[in-house]
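The structure appears right after this line, and notes come after that.
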Amino acid sequence: MAEKSILIIDDDQTLVAAIKEGLETLGFRVAAAFDGLQGVLQAHQGRPDAVMLDFNMPAGGGAGVYERLRSSSVTAQTPIIFLTGATVDEVKKVIRSTPNTYFLKKPISVSQLRKVLDKILGGGGGPLSSKSRPVTLGLPAAPPAGADFAGLGGGLPPLPKQPGATPLPGVLPTPKPITNSTPLPALIPGQPSAFVSAPPPAAGPAPFSPQPLPAPSPPSAAPAAAGFEGSVHRLELRVPYADTDRLGIVYYANFLRYFELGRTEFIRMLGVRYRDLELERRIFLPAVECRAQYLAPCRYDDLLRVRTWLSWLGPASVCFQNEVLNADEGGRLVARGFTRHAVLDGNWKPARLPPDIKKRLAAYLKPD
92 MAEKSILIID
102 DDQTLVAAIK
112 EGLETLGFRV
122 AAAFDGLQGV
132 LQAHQGRPDA
142 VMLDFNMPAG
152 GGAGVYERLR
162 SSSVTAQTPI
172 IFLTGATVDE
182 VKKVIRSTPN
192 TYFLKKPISV
202 SQLRKVLDKI
212 LGGGGGPLSS
222 KSRPVTLGLP
232 AAPPAGADFA
242 GLGGGLPPLP
252 KQPGATPLPG
262 VLPTPKPITN
272 STPLPALIPG
282 QPSAFVSAPP
292 PAAGPAPFSP
302 QPLPAPSPPS
312 AAPAAAGFEG
322 SVHRLELRVP
332 YADTDRLGIV
342 YYANFLRYFE
352 LGRTEFIRML
362 GVRYRDLELE
372 RRIFLPAVEC
382 RAQYLAPCRY
392 DDLLRVRTWL
402 SWLGPASVCF
412 QNEVLNADEG
422 GRLVARGFTR
432 HAVLDGNWKP
442 ARLPPDIKKR
452 LAAYLKPD
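Residue numbers (this note's numbering): 92 to 459.
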């Protein structure tokens, strides 16, 4: 019997890898797509014998991908198996179920997959290999009801301690749902839990190289709109294609660049340019600490709103807080964090901000 093919559409790479391994031990050919649009394209081109679809898939959701597959003559009759932490009734409320639509509740096992696929495809995958082993797929428990982004349904686990600390546990506790008011966990002992309350720096800055650093290169995403709302600066930008990774989502390091762009425009709106501070005033603001939390993915051409405010203004240091919201998803909070900066002179020695610059910044200080 001809080898059957399965297409997995799921943004969880770890889960996909486990499912792929399990299905291949059963003799199936397996392809994977980590984005809904990519999955629709692969389904039309590859014409798989069955599709396994994550119901909580971002970028339109699994329900949206399902409707696109069912509306095409190429995939209208293709068996689709929903992988979901929700109940069957909850899924059926938002889709048009057909006789070729099936459901598997996470977590799932290879034996469950085999039973379902044997029923759908008539055992077309072939006998179980003698070298195969049982594989449990998914998390040990269903995701919490408030989680809407698979794998990131709650706050970050505490960071591991420095040398001598115990390693992270193999299974993390079930996360709590994220809200806009959920604080970041403490970064270091003694630091307040609320991320908007970054503590003043320790006395004396860390040593720096005697050679000044080059001016930062301009970011690739140009601002579309900018301005102050009270003490908070708002900047809107579109995600350029170059900022996305192989999964089709914004690469995590680029959010720090969005923070930088917001910080630069914040200062520019006060009548000061970063380059003038460095070239004319010989004042440098190197970053000495940063923190970021990622709450949801963003994709190419999403309209992002970067919110920036000054939360600390010391004699020789400043701290900026940032939030990134996805305007295309109703202002959903997708990332947040802070950057702390030392104030140095042209010799890279601790310096005080010029009085006129400090006065302008103080007018927009927004401590927690």
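Virtual Cβ for every residue (Gly too), placed ideally from N, Cα, C.
*Is it the case that the Cβ atoms of Ile172 and Tyr193 are separated by a distance below 7 Å?*
Position 81 of the sequence shown, counted from the first residue, corresponds to residue 172. Position 102 of the sequence shown, counted from the first residue, corresponds to residue 193. Yes, these two residues count as a Cβ contact at 7 Å.
*Could you please give the first and the last residue of the uninterrupted beta strand (DSSP E) stretch that includes Lys449?*
As a working note, residue 449 is residue 358 in the sequence shown. If you look at Lys449, you'll find it isn't in any beta strand (DSSP E); it sits in the alpha helix (DSSP H) that goes Pro446 to Ala453.
*By Cβ distance below 7 Å, which residues in the same chain neighbour Gly261 in space, the five residues on each side in sequence not counted?*
On the sequence shown, position 170 is the one that residue 261 refers to. Any reading at Gly261 needs caution, since the residue's pLDDT is 43, under 50, leaving its predicted position unreliable; the model's value is listed next. Contacts found: none.
*Name the two residues that bound the continuous alpha helix (DSSP H) containing Ser162.*
Position 71 of the sequence shown holds residue 162. For Ser162, there is no enclosing alpha helix (DSSP H), as DSSP marks it with neither H nor E.
*asked:* Taking the beta carbon of Arg354 as the centre, do at least 16 other beta carbons fall within 10 Å, making it buried, or is it exposed?
replied: In the sequence shown, the residue the question calls residue 354 occupies position 263. Result: buried.
_What does the Cβ neighbour count give for His324, buried or exposed, with the cut at 16 atoms within 10 Å?_
In the sequence shown, the residue the question calls residue 324 occupies position 233. With 16 or more other Cβ atoms within 10 Å, it is buried.
*Length of the line joining the Cα atoms of Phe286 and Val121*: On the sequence shown, residue 286 is found 195 positions in, with the first residue counted as 1. On the sequence shown, residue 121 is found 30 positions in, with the first residue counted as 1. Residue confidence is low: Phe286 scores 45 on pLDDT, short of 50, so the model does not pin down where it sits. Its coordinate-derived value is still stated next. Cα to Cα, the separation comes out at about 43 Å.
*Please classify Tyr332: is it buried, with 16 or more other beta-carbons within 10 angstroms of its beta-carbon, or exposed?*
Here the question's residue 332 lines up with position 241 in the sequence shown. Tyr332 counts as exposed, since fewer than 16 other C-beta atoms from the protein chains shown sit within 10 angstroms of its C-beta.
*Keeping to the same chain, check which residues put their C-beta closer than 6 Å to that of Leu326; ignore five residues upstream and five downstream.*
Within the sequence shown, residue 326 is the residue found at index 235, counting from 1. Close CB contacts of Leu326 within its chain, under the 6 Å cut and outside five residues either way in sequence, are with Pro314, Ala317, Gly353, Glu356 and Val397 (chain order).
*The alpha helix (DSSP H) spanning Val107 covers which residue range?*
Working through the sequence shown from its first residue, we reach residue 107 at position 16. Per DSSP, Val107 belongs to the alpha helix (DSSP H) from Gln104 to Thr116.
_Quick check: Ala141 and Gln133, are their CB atoms within less than 7 Å of each other?_
Reading the sequence shown from its first residue, position 50 is the one you call residue 141. Reading the sequence shown from its first residue, position 42 is the one you call residue 133. No, the Cβ-Cβ distance between Ala141 and Gln133 is not below 7 Å.
*Distance, Cα to Cα, Asp180 vs Ile186?*
Locating residue 180 in the sequence shown gives position 89, where the first residue counts as 1. Locating residue 186 in the sequence shown gives position 95, where the first residue counts as 1. Looking at the two C-alpha atoms, the distance is approximately 10 Å.
*Classification of Tyr455 by the beta-carbon crowding that lies within 10 angstroms, buried from 16 upward*: Position 364 of the sequence shown holds residue 455. Buried, since its Cβ has 16 or more Cβ neighbours within 10 Å.
*For the putative contact between Arg390 and Asn413, defined by C-beta atoms under 8 Å, what is the C-beta separation to the nearest angstrom?*
Within the sequence shown, numbered from 1, the residue matching residue 390 stands at position 299. Within the sequence shown, numbered from 1, the residue matching residue 413 stands at position 322. With a contact defined as Cβ atoms closer than 8 Å, Arg390 and Asn413 miss out at about 20 Å.
_CA nearest to the CA of Gly422, picked from Gly153, Val165, Leu395 and Val201_ = Along the sequence shown, one-based indexing puts residue 422 at 331. For the set Gly153, Val165, Leu395 and Val201, the Cα lying nearest the Cα of Gly422 is the one of Leu395.
*Taking the runs of the beta strand (DSSP E) that are 3 residues or longer, which of them lie wholly in the segment 342 to 415?*
Qualifying beta strand (DSSP E) stretches, in chain order: 378 to 385 and 394 to 404.
*For the alpha helix (DSSP H) that contains Gly130, what are its first and last residues?*
Within the sequence shown, numbered from 1, the residue matching residue 130 stands at position 39. In the DSSP assignment, Gly130 falls within the alpha helix (DSSP H) that extends over Gly127 to Gly137.
*Using three-state DSSP, classify Val330 as helix, strand or coil.*
Here residue 330 corresponds to residue number 239 of the sequence shown, with the count starting at 1. Three-state result, Val330: coil.
*Does the beta-carbon distance from Ile97 to Leu144 come in below 7 Å?*
Translated into the one-based positions of the sequence shown, residue 97 becomes position 6. Translated into the one-based positions of the sequence shown, residue 144 becomes position 53. Against a cut-off of 7 Å, the Cβ pair of Leu144 and Ile97 comes out as no contact.
*Express the C-alpha separation of Leu128 and Ile155 in angstroms, rounding to a whole number.*
Residue 155 sits at position 64 when you count from the first residue of the sequence shown. Residue 128 sits at position 37 when you count from the first residue of the sequence shown. First, the residue type needs correcting, since residue 155 is Gly and not Ile in the sequence shown. Near 10 Å, if we compare the C-alpha coordinates of Leu128 and Gly155.
_Among Pro388, Ser188 and Arg373, nearest to Gly437 - alpha-carbon criterion_ = Residue mapping note: residue 437 aligns to position 346 of the sequence shown, counting from 1. Comparing Cα-Cα distances from Gly437 to each of Pro388, Ser188 and Arg373, the minimum goes to Arg373.
*Span of the beta strand (DSSP E) holding Ile171?*
The residue you call residue 171 lines up with position 80 of the sequence shown. Element bounds for Ile171: Ile171 to Thr175.
*From the DSSP output, in three-state form, read off Ala418 for me.*
Taking the sequence shown and counting its residues from 1, one reaches residue 418 at position 327. Ala418: helix per DSSP, three-state reduction.
*Reference Ala383; option with closest CA among Thr430, Leu361, Ser402 and Trp403*: Working through the sequence shown from its first residue, we reach residue 383 at position 292. Residue Thr430 is the option with its Cα nearest to Ala383.
*Between which two residues does the alpha helix (DSSP H) carrying Val179 extend?*
Counting from one through the sequence shown, the residue named residue 179 turns up at place 88. First-last of the alpha helix (DSSP H) with Val179: Val179 to Lys183.
_For Asp103 and Asp393, the rounded distance between their alpha carbons_ = Position 302 of the sequence shown, counting from 1, holds the residue named residue 393. Position 12 of the sequence shown, counting from 1, holds the residue named residue 103. The C-alpha of Asp103 is placed about 21 Å away from the C-alpha of Asp393.
*Is DSSP giving Val142 helix, strand or coil here?*
Numbered from 1 along the sequence shown, position 51 holds the residue referred to as residue 142. Note: Val142 maps to strand in three-state DSSP.
*Have a look at Tyr385 and Leu328 and give me their C-alpha separation to the nearest angstrom.*
On the sequence shown, position 294 is the one that residue 385 refers to. On the sequence shown, position 237 is the one that residue 328 refers to. Distance between the alpha carbons of Tyr385 and Leu328: 18 Å.
_What residue range does the alpha helix (DSSP H) around Arg423 cover?_
Taking the first residue of the sequence shown as position 1, residue 423 is located at position 332. Where Arg423 is concerned, there is no enclosing alpha helix (DSSP H), although the beta strand (DSSP E) it sits in stretches over Arg423 to Ala433.
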